[in-house]
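Enquirer:
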Amino acid sequence: MYFYIFSLIFLLLTRVNAVDLGFVIYKKGEKIIKEPVHRIYILEDPDDEYYPFQEYLSLIKVNDIWKIFSGSEGIYVGIIDTGVDFKNSDLRDNIWINPDEICEDGKDNDNNGYVDDCYGWNAIDGKGSAYDDNGHGTALAGIIGAVGNNKIGVAGINWKIKIIPCKALDRLGEGLTVHANKCIEYFLDLKREKGLNVIAVNASFGGEYECYQIIDGEKVSDQCEEKRLIEELGNQGILFVTAAGNAGKNNDSISMLPCNYNLPNKICVGSLSPDYKRSYFSNYGSTVDIFAVGENVYTLSLNGYCKYGAGTSYAAAVVTGSIALISGYYNNQDIYFLKEKIINGSRNNIDLSGFSSSCNMLDLQNIVFIENNRSLCFSKNSISISSVSEDYVKLSNTGTAPVKIVDVYVTDPAKIGFVEDSCKNAVLVPGESCSIGLKIVSDLIGVYQEELVIEGDLKITLPVLLSNNVNTQSTEILSGNIEGNIQKCVEILEINNDPEDNVDSFYPVQLDNVGCYMGSVQYGYGIVLIFFVIRLFRRVFNKA
Numbered sequence: 000m001y002f003y004i005f006s007l008i009f010l011l012l013t014r015v016n017a018v019d020l021g022f023v024i025y026k027k028g029e030k031i032i033k034e035p036v037h038r039i040y041i042l043e044d045p046d047d048e049y050y051p052f053q054e055y056l057s058l059i060k061v062n063d064i065w066k067i068f069s070g071s072e073g074i075y076v077g078i079i080d081t082g083v084d085f086k087n088s089d090l091r092d093n094i095w096i097n098p099d100e101i102c103e104d105g106k107d108n109d110n111n112g113y114v115d116d117c118y119g120w121n122a123i124d125g126k127g128s129a130y131d132d133n134g135h136g137t138a139l140a141g142i143i144g145a146v147g148n149n150k151i152g153v154a155g156i157n158w159k160i161k162i163i164p165c166k167a168l169d170r171l172g173e174g175l176t177v178h179a180n181k182c183i184e185y186f187l188d189l190k191r192e193k194g195l196n197v198i199a200v201n202a203s204f205g206g207e208y209e210c211y212q213i214i215d216g217e218k219v220s221d222q223c224e225e226k227r228l229i230e231e232l233g234n235q236g237i238l239f240v241t242a243a244g245n246a247g248k249n250n251d252s253i254s255m256l257p258c259n260y261n262l263p264n265k266i267c268v269g270s271l272s273p274d275y276k277r278s279y280f281s282n283y284g285s286t287v288d289i290f291a292v293g294e295n296v297y298t299l300s301l302n303g304y305c306k307y308g309a310g311t312s313y314a315a316a317v318v319t320g321s322i323a324l325i326s327g328y329y330n331n332q333d334i335y336f337l338k339e340k341i342i343n344g345s346r347n348n349i350d351l352s353g354f355s356s357s358c359n360m361l362d363l364q365n366i367v368f369i370e371n372n373r374s375l376c377f378s379k380n381s382i383s384i385s386s387v388s389e390d391y392v393k394l395s396n397t398g399t400a401p402v403k404i405v406d407v408y409v410t411d412p413a414k415i416g417f418v419e420d421s422c423k424n425a426v427l428v429p430g431e432s433c434s435i436g437l438k439i440v441s442d443l444i445g446v447y448q449e450e451l452v453i454e455g456d457l458k459i460t461l462p463v464l465l466s467n468n469v470n471t472q473s474t475e476i477l478s479g480n481i482e483g484n485i486q487k488c489v490e491i492l493e494i495n496n497d498p499e500d501n502v503d504s505f506y507p508v509q510l511d512n513v514g515c516y517m518g519s520v521q522y523g524y525g526i527v528l529i530f531f532v533i534r535l536f537r538r539v540f541n542k543a
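Counting from 1, position 23 in the sequence shown corresponds to residue 22 in the numbering used here; the numbering is continuous, with no gaps.
#1: Just how far apart, CA to CA, sit D350 and K276?
#2: Excluding the 5 residues flanking A425 on each side, which residues of the same chain have their C-beta closer than 6 Å to its C-beta?
#3: I need the boundaries of the alpha helix (DSSP H) containing D188, first residue and last residue.
#4: Excluding sequence positions up to five away, which residues of its chain have a Cβ less than 7 Å from the Cβ of V418?
#5: Taking Q448 as part of the beta strand (DSSP E), name the residues at either end of that continuous run.
#6: Alpha carbons only, please: which of G73, I143, Q212 and D104 is nearest the one belonging to F22?
#7: In or out: K340 buried (at least 16 other Cβ within 10 Å) or exposed?
#8: For I459, collect the residues of the same chain with a Cβ closer than 7 Å to its Cβ; drop the 5 residues on either side in sequence, then sort them by chain order.
#9: C219 lies in the beta strand (DSSP E); which residues open and close that run?
#10: Taking the C-alpha atoms as reference points, what is the distance between P35 and L20?
#11: Contact between the region 325–333 and the region 270–284 is defined here as three or more beta-carbon pairs at a separation below 8 Å; is this criterion met?
#12: One question on the structure: do L427 and L90 come within less than 8 Å of each other, judged by their Cβ atoms?
#13: With N396 as the anchor, note down where its beta strand (DSSP E) starts and where it stops.
#14: Can you look up N468 in the DSSP assignment and give me helix, strand or coil?
#15: In angstroms, rounded to a whole number, what distance separates the CA positions of Y113 and L271?
#16: Tell me whether K161 sits in a helix, a strand or coil according to DSSP, three-state version.
#17: Does the beta-carbon of P164 have 16 or more other beta-carbons within 10 angstroms, so that it is buried, or is it exposed?
#18: Quick check: what's the CA-CA separation for L510 versus L262?
#19: Count the other CB atoms, across all protein chains shown, that sit within 10 Å of the CB of E294; report buried if there are 16 or more and exposed otherwise.
#20: What beta strand (DSSP E) runs, 3 residues minimum, are completely inside the region 295–378?
#21: By how many angstroms is the C-alpha of D63 removed from the C-alpha of S356?
#22: Measuring CA to CA, which of S385, S57 and D456 is closest to G445?
#23: What are the boundary residues of the alpha helix (DSSP H) that includes I64?
#24: According to the Cβ coordinates, are G269 and F354 closer than 8 Å?
#25: Taking G141 as part of the alpha helix (DSSP H), name the residues at either end of that continuous run.
Encoded structure:
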C-alpha cells in the first residue's frame, strides 16, 4: 500500500516538460531529418446581452474605436486550439465556411489536400471540421470575434471578421507540435491557394521544450519545423501571436516555445490583472513583447454558455483580436506596421520593466489616436548594489517618438554614486538605448532602498536596493534576483491554500495551463498526499 502511495507522489512531483514523444522524419534532397514531437498545452458599447460583464474591453479602450470601425468580413484570423463551436449563434456568422467543400461527405471536394474542411480543419484526425470539445478555442474565438451588437451573448473585439479554426489540441487541452505544424501549413495553403486575407494566427499554447533536429545523425539546435513554419507565415504576411505561459516563470531562464522564438512576425503576450499589474501566474522576460489584460475575461463557452476566464491564452487572444481590428482600420497595412503599432504604440507601464521587452500594455485608444507615443523601458525591475558589487541597467525607447532625458539622479546621493551614465541629456530615438551604472559610496551598514529617477519628456523611477557590509545572499533575495522562486511560492498559496478567496468559488473560471506542467496544482496534490501519509505513519506507530 505504501509503495503505491509513494509512487503516486513521485509521479506527481517529477512530471517533466521536455519529453520527446517520438520523431517525425523529413527527407530534403539526400538528407534524412529527424525531429522530436513535443506535447503542447492550452494557454484563456454594443447591445450584446452580457456586454456589461466584459470589463476587459473597457480596459483595452476599444469602445472609442468601435465608433469609427468595428471589424470587417475581409479580415481573416486563424486559431490553432481545441477547435471552435461554429454552431454557436454568437459566432456562426463570423466563422469562415469553405464554399468549395461539401460537408461530411468524406471527400476532398476542392482538392486542396484537406478532407471535409468545411469549418476549418481537424489536424488531429486529419479530416473534418474543427469542432470544439473542450471550450478553450471557443472562448478565444469569442474574444477575437463574437458577433457584436446583436442583442445576444458577448461582443468580440471585432463585430465582423472571419475566423478559421484548426484543431490541434484535444478535449483535455493537450496536443502535439506535429499537429500544430499541420495547422500552420493549412493556413499557409489557404492564403496561397485560396487567396484568403489571413493576417494573424492565434496560438495560445506552448511548453518547455527544445527546438532541434537530427540531421544525418547530428543534432542541430535552434532548427525545427515549427520555427520554420512560423517564419514562413511572416513571409506570407501573417503575424503569429502566442502566449507567454502561466507558470510565473522567467522565460529567459527556460526554453518556453513558441514564445521564445526570435522571429520578426512573432508576438508573445503576457497577462495583466484589471489594475494593470502583471498577473501572478504570467510568465515574463525579454521574449515577452507586450502585456494585455488576461484576468476576469468574460467570453463564450460551449453549449451557448458564457464564462469568465484567465490566463495568458486569453491575453494573447485579446492582442490577436486587436491586430485584426486595426488591420481593417488602417486598410490592411503591412504586418510589421501592425506589429509596431500594437507593441510600440501601446501605453507605457514602467512597472513592467524586467518583465517584457517593451514595458507597454495593450491600449487601442493609444494605438489609434496618439501618433507620437513616448515609452521607456528599463532592462530589469530593480538595481541591486552592495559593498562589493556594482550594478547596471539599460534604458530603452520602446515607443514611436523620440524621448528627451533632461536629468538622471538618485534620491540619496550620499549613499549612491554613478559608475556610468550615458542617459543624461540624451535624446533617445525609437529603438535606441542608454546605460546607467551605480555603486555604494557610503560606509553606512545595513539594507536600504532608494530610487533612480529619470526626468524629461517622461518621469520614471526604478528601485535601488542597497546592502552594505551584510550577507550578500540576503541582498540577492531582497533584490528580487530569485523572483521566480518567490513567485512560485505565491502561486501555490494563491491557488491551493486560500479556498475562501479562490475565484472559482464565485464564478466559473478556466485558468488555462499553458506552460504549467509542473505547476502549483501538482505540487499542491503532492503536499496533500504527503500530509496524509505522515498522519498514516503516525497512527501506525502510535498503535505499535
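Built from N, CA and C at the ideal position, the CB exists for glycine as well.
Expert: In terms of the structure at hand:
#1: 8 Å
#2: I404 and C433
#3: T176 to E192
#4: E389, G436, L437 and K438
#5: G445 to G455
#6: Q212
#7: buried
#8: I349, L375 and I453
#9: First, the amino acid is wrong: residue 219 is Val here, not Cys. It spans E217 to S220 - the beta strand (DSSP E) in which V219 sits, taken as one unbroken run.
#10: 7 Å
#11: no
#12: no
#13: D390 to N396
#14: coil
#15: 38 Å
#16: strand
#17: buried
#18: In this predicted model, L510 has a pLDDT of only 35, less than 50, meaning its place in the structure is not dependable; the value taken from the coordinates is given anyway. For L510 and L262, the distance between alpha carbons rounds to 28 Å.
#19: buried
#20: 296–299, 305–309 and 375–377
#21: 28 Å
#22: S385
#23: N62 to W65
#24: yes
#25: H135 to G144
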